[in-house]
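So the structure is just underneath, and the comments pick up after that.
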Amino acid sequence: MNNAPQKLTMNPARLLSSDPAVVKVALELYDSIKDLPIISPHGHTDPSWFAENSNFENAADLLIRPDHYVFRMLYSQGYSLEELGIPQHGEKGDLAASRNVDPEGIWQTFAENYYLFAGTPSGYWLDSTFANVFGFEDKLCADNASEYYQEINRQLVSERFKPRALMDEFNIELIATTEGALDQLPHHQKLTGTDFEKRVITSFRPDDVVDASREDFKQNVATLAELTGENTNDWQGYLNAIRKRRLYFVEHGRATATDHGHPTALTENLSVGECQTLLDKCLKGSASPVEHELFRGQLLTELAGMSIEDGLVMQIHPGAHRNHNQGVFDKFGRDKGADIPSQTEYVNALKPLLAKFGNDPKLSIILFTLDETTYSRELAPLAGHYPSLKLGPAWWFHDSPAGMLRYRQQVTETAGFYNTVGFNDDTRAFLSIPARHDVARRVDCRYLGELVANHQITMQDAKTLAYELTYGLVKKAYKLD
Amino acid sequence: MNNAPQKLTMNPARLLSSDPAVVKVALELYDSIKDLPIISPHGHTDPSWFAENSNFENAADLLIRPDHYVFRMLYSQGYSLEELGIPQHGEKGDLAASRNVDPEGIWQTFAENYYLFAGTPSGYWLDSTFANVFGFEDKLCADNASEYYQEINRQLVSERFKPRALMDEFNIELIATTEGALDQLPHHQKLTGTDFEKRVITSFRPDDVVDASREDFKQNVATLAELTGENTNDWQGYLNAIRKRRLYFVEHGRATATDHGHPTALTENLSVGECQTLLDKCLKGSASPVEHELFRGQLLTELAGMSIEDGLVMQIHPGAHRNHNQGVFDKFGRDKGADIPSQTEYVNALKPLLAKFGNDPKLSIILFTLDETTYSRELAPLAGHYPSLKLGPAWWFHDSPAGMLRYRQQVTETAGFYNTVGFNDDTRAFLSIPARHDVARRVDCRYLGELVANHQITMQDAKTLAYELTYGLVKKAYKLD
Amino acid sequence: MNNAPQKLTMNPARLLSSDPAVVKVALELYDSIKDLPIISPHGHTDPSWFAENSNFENAADLLIRPDHYVFRMLYSQGYSLEELGIPQHGEKGDLAASRNVDPEGIWQTFAENYYLFAGTPSGYWLDSTFANVFGFEDKLCADNASEYYQEINRQLVSERFKPRALMDEFNIELIATTEGALDQLPHHQKLTGTDFEKRVITSFRPDDVVDASREDFKQNVATLAELTGENTNDWQGYLNAIRKRRLYFVEHGRATATDHGHPTALTENLSVGECQTLLDKCLKGSASPVEHELFRGQLLTELAGMSIEDGLVMQIHPGAHRNHNQGVFDKFGRDKGADIPSQTEYVNALKPLLAKFGNDPKLSIILFTLDETTYSRELAPLAGHYPSLKLGPAWWFHDSPAGMLRYRQQVTETAGFYNTVGFNDDTRAFLSIPARHDVARRVDCRYLGELVANHQITMQDAKTLAYELTYGLVKKAYKLD
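Written out as structure tokens, the structure is:
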């Protein structure tokens, strides 16, 4: 391949279509919303960054080793995770160094293979970050890898690159992190009383105490009992313990939402007796995979009921086949780029929950999918009817220019715009947040521009919608006003 | 949102693409077919309208309360069906009045929320109807709601708004209604001998006597026996009774087609003994859901055989999960915007029927889907091979500008144009019929325009195809010549 | 329809978009790669053509009767396979003549119905072949059918139309045929030592000895034993026999790849004891359909292991429901246009194979699909992670301008370009090969042009990618260097 040096330029009209009629409208729309603050209501940044406000590490540790989008591509082309310095099970800290993998060597490998990212969102986010955050004017390639590496490391130690300073520079009004049910939220508590109290909040993710297929489930439920003083061997005690943790997350982490990463969207509505029996089996470790699934399904319904009580918005993220690569999982653990989407069914799966709570105006559920076939077939029709349902944005593998465009094209005609909730970046890659939100804004403006250019909506409507898709809907949906 | 007053304008090039090269071709194509008469071979208008030729009611009763596309969107945003005046189980007539819901109040709520329909086909159809049928020059909004309401009501009582006059004004050459198997077709009979005899025909929809999961199945079959003098406890007698009703629909309602709204596309080819056993169980009420499904599947095959005998074209509309919202169904009944599409399989499901009758040139089946994934994977390959199969147009949730475009893009390359059957409006919203057909014509011309602009077909071919997609194919497919 | 004579012109910018900004870039890209040699690594041409180098037969025998894309469309519109001269079970040779179907009459029927192919890839390939190979200047229609027929037949007997001469004229650097496991490769052997030795190679397709649902399975395995001297009643002997045939294909046919046309992508990893039991049942004819499926699944895993040993690239082509039309199959046999795609699942299906071998850098599997929903949901995520997986191009029904564009749009953002393998024509229609590759090159250049025009990649990147997609990736993926 031709890996020769190139200028790194970010065209002002990028992603706004190649059709001049659309670009003209889209640019005007984009100009009207591009400076709105970023609301990031769902993501995986580390709250300690904001609490401690320390500088980040070197370029490889910041941009390659924690980003499974990046190293999965390198792995797919034959680079081993070892040579990329990915930490193995149980390892912590600066693994690259501890295993004699030179961070700059990792960076060189990355640079030599940077052409692999052409046309991918990762490539786009990285280019944006290099240009807009670090100010590079040449595209990363084998020849300038070392120069890049030194320059990034030079900047990373500066005051400008402290997390709170970046929050300001990036114009992030609010960011929500995600913590497990047993987390005591020390970092969020540390922010209480600071200027960032209302800008960094948590979300309640109870997967570790509701997914009985996890090896640590029994231990987690025991910890849950300790933290809450409830008898978690009793079904009602177990539910009360979860209730108490939700309140803890509201009080100590300003949570407004919960998050649920189940394998499927199954919900159940079992009798209390059946629930107690299931809980018993799950705690004894004698439950079958089908019973684990029933238990998770029942919990989704219970959690919806709790949302009606305490007002937390419920996010459901189903459909990932986690840790598909057994060899990688055994050696390196979770979140190593080996989660694969799978077919996901919503219409029958959600029926028990919706039959019980779906018409309650106090319930607000945001649905996500990794199966794009459900946009027009299941999700838009469901969200276009049930008052309790809204659609989350294009997610994970589909959080990309073409993926976002398909989302709007396949969702809008049935659900409208007002049953959607704006953008989520869902990322732990803090430096990429402005680029990710910018992509969403550009693609939304392109989509609106196409509707205007096809005379389907007016420019006045489009401007209102651009504002809502960028800022209005997310604040309302996540109760951030 | 910015809900300020706006001009209501229908751009002549609307929906024809924003690409000047495509618009130029598409406009020329559209001009060549825009004045062709409307053929509406499948829909749900009320035949009494044409038989009685009475004026319609007030604006809310005409445009909101019967249109589940409209009120499902309002419901999804938190408006109760009660406050929208939707009739509950068993209620009839002017419900709004009887329950002290002021029709003008409903209209006001609708107008205040009209912005929700931006980018949806409902919004487009309504704008078209307001501009082209009622002559409004300002877009509906909160401020002009009352003015709109009064003006619509003023026009509705005029001679111009009598159904037969609208048939002429709308240039509707033919409209087919849909009646259940037990209907005696009084309205169609009343039209016999009038100028509208050949313009208003029925279709035979036997779901009420073949779907044994319905509560009224046993009663319906008893009525079927009375109407036909057949012993419907006997399998052959039951089939003969259905045969007689088909002939009745041909003779008294000029039917050329049947319609079948099954949950799935399953077909079966069971022995006579198995059929008799199933019928016995269904009539006794002891059949299981699986047996109900088998029975429906067997009936599809039987009905295909009858189509070979009597020449009626068979329409299969599978894939809707009906009445998904139990609470809404319990209180308000069917057709309240809570039908949700679900995954639909055709390749295995249709095999028994096709193995028996699929190569018979006298059989003509038109397949529909709510699952767009089947367009390129199953339906186009099936219709591109079997002489008995044709594809119906984009249906229901997919009867929209982007939905129709996806249909052509995903169907044409494998099935060609000549295995499709033109447009169906499938509506009970009579005033929207011109707008719906106009959308289909525009989207087809856009699609053809893209093929011409990409040099895939010639302009001569495109003009022929525009005519066929608008007028030629539907008349041939539904045997309307 | 308007079937009047038209000029046959192939616009230089065809398929390159209608958007001037895209066309400009796409044309420049296309000009840079249009003269690259054709690599055809997967197809179904007859090796005897190249070994014997004899002229082809008449126009109908060359262009209609062997092309199920063509006659399935005519069949779908009511023409019987008999009147199109399609050979029935057991028939050989010039069937049209033997059953008194005049080949010119078949050609006339085809010409009269040529309008049916408007907008289909078959129509496009045929127009390209007529214009670019035969030099016609008028489009085929009823009026010029006879003239076309005579002119094609006149040209077919010329020196220019001998297969090897066409290989040169078409600029085909290499073509791979596909032979069953029991084939002795006489034609490939005959080419050894000629200039075409390296230009015509085979691929190993063992379906006939691993698919125990075939009626001839037992006989095939007996022949396998004879050819290899192995005891194929013994599991290890059976596997060794397959190993030997693979080596035979490498040595006598220069094979670099294998091909597997299973109904599903299921793989298994059973114990040796279970495998022996399955083999016993399959050979006795007592295996159930589920056991046939398990056996095929186990063989895919075994064959992957053999690929690691001998380096053959593995192609998996799942998802066709073969011979869907029972009546056509009974009378006419396989490959008569009645294979229909069906839903295909990869994530769970491939897991046993991938758990065993998926991280081995010596394994290379190319995955294909007939289910486009798997592009973004399953295949791109899998290929974007596993080093052993690459994605084959849009296949069969989806090998079309819109189909190829959907492939790139839905695959690239997650898998990148470098986990794809260039184009396959997969055809037995030799004369259409240049047109098919030209379509792929044009659509790829259009897609790249859109990325450039949207400022997502640079022109320099696009030129590199155009070369890779046309020539570089296919040679690397199929080990043809």
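Protein chains in written order, with the numbering used here: chain A, 64 to 544; chain B, 64 to 544; chain C, 64 to 544.
Cβ atoms here follow ideal geometry from the backbone N, Cα and C, with glycine treated the same way.
Computed from a predicted model, the values in this text were never measured in an experiment.
- Using a Cβ-Cβ distance cut-off of 8 Å, the segment 514-531 of chain A and the segment 93-108 of chain A are in contact, since at least three pairs of beta carbons, one from each stretch, lie closer than that value.
- Distance from the CA of residue 129 of chain B to the CA of residue 150 of chain B, rounded to the nearest whole angstrom, comes to 9 Å.
- Counting only the Cα atoms, residue 273 of chain A lies some 13 Å from residue 348 of chain A.
- With the criterion set as a beta carbon lying under 7 Å from some beta carbon of chain A, the segment 328-353 of chain B has no members that meet it.
- When only Cα atoms are considered, residue 266 of chain A and residue 239 of chain A end up about 7 Å apart.
- The beta carbon of residue 103 of chain C sits no closer than 8 Å to any beta carbon of chain B.
- By the neighbour-count definition (other C-beta atoms within 10 Å, threshold 16), residue 353 of chain B is an exposed residue.
- When DSSP states are grouped into helix, strand and coil, residue 262 of chain C belongs to the coil group.
- Residue 406 of chain A counts as buried, since no fewer than 16 other beta carbons sit within 10 angstroms of its beta carbon.
- Annotation for residue 412 of chain B: no alpha helix (DSSP H) segment contains it, and DSSP assigns it neither H nor E.
- Cβ-Cβ separation between residue 434 of chain A and residue 456 of chain A: approximately 15 Å, too far for a contact (criterion under 8 Å).
- Residue 524 of chain B belongs to the set of residues whose beta carbon lies under 8 Å from a beta carbon in chain C.
- Around residue 184 of chain C, the beta-carbon contacts reaching into chain B at under 7 Å are 476.
- Taken in chain order, the members of the segment 426-459 of chain A whose beta-carbon sits within less than 8 Å of a beta-carbon on chain B are 436, 439, 440, 441, 443, 444, 445, 446, 447, 448, 449, 450, 452.
- Only buried fits residue 361 of chain A, as 16 or more other CB atoms lie within 10 angstroms of its CB.
- Rounded to the nearest angstrom, the gap between the Cα atoms of residue 447 of chain C and residue 259 of chain C is 36 Å.
- Residue pairing for residue 431 of chain B: DSSP places it in no beta bridge.
- Residues are counted here when their Cβ sits less than 8 Å from a Cβ of chain A; for the segment 385-397 of chain B these are 387, 388, 389, 390, 391, given in chain order.
- Look at residue 225 of chain C here: in three-state DSSP terms it is coil, with no helix or strand label.
- The Cβ atoms of residue 541 of chain A and residue 319 of chain A sit closer than 8 Å to each other.
- Between residue 229 of chain A and residue 493 of chain A, the C-beta gap is smaller than 8 Å, which places the two residues in contact.
- Inter-residue distance for residue 534 of chain B and residue 424 of chain C is about 58 Å (C-alpha atoms, whole angstroms).
- By the Cβ rule, the segment 281-297 of chain A counts as touching the segment 241-255 of chain A, because three or more pairs are nearer than 8 Å.
- Proximity of residue 408 of chain C to chain A, defined by a Cβ-Cβ separation below 8 Å, is satisfied.
- DSSP places residue 220 of chain B outside both helix and strand once states are collapsed to three, so it counts as coil.
- Comparing alpha-carbon positions, the option among A:538, A:468, A:437, A:508 lying closest to residue 484 of chain A turns out to be A:538.
- Each residue's CA atom was taken as its position, placing residue 374 of chain C and residue 262 of chain C some 20 Å apart.
- Taking the Cα positions, residue 421 of chain C is about 50 Å away from residue 399 of chain B.
- Spatial neighbours of residue 520 of chain B in its own chain (CB-CB distance under 8 Å, excluding positions within 5 residues in sequence) are listed in chain order as 511, 514, 528.
- At least one C-beta of chain A is nearer than 8 Å to the C-beta of residue 479 of chain C.
- Separation of residue 390 of chain A and residue 415 of chain C (C-alpha to C-alpha, rounded to the nearest whole angstrom) is 12 Å.
- Rounded to the nearest angstrom, the Cβ distance from residue 454 of chain C to residue 482 of chain C is 6 Å, consistent with a contact under 8 Å.
- Bridge pairing for residue 103 of chain C: C:238 [DSSP].
- In the structure shown, residue 131 of chain A falls within a helical segment according to DSSP collapsed to helix, strand and coil.
- With contacts defined by Cβ atoms closer than 8 Å, residue 136 of chain B and residue 189 of chain B do not form a contacting pair.
- With respect to the 8 Å criterion, residue 284 of chain C and residue 346 of chain C are classified as neighbours on the basis of their beta carbons.
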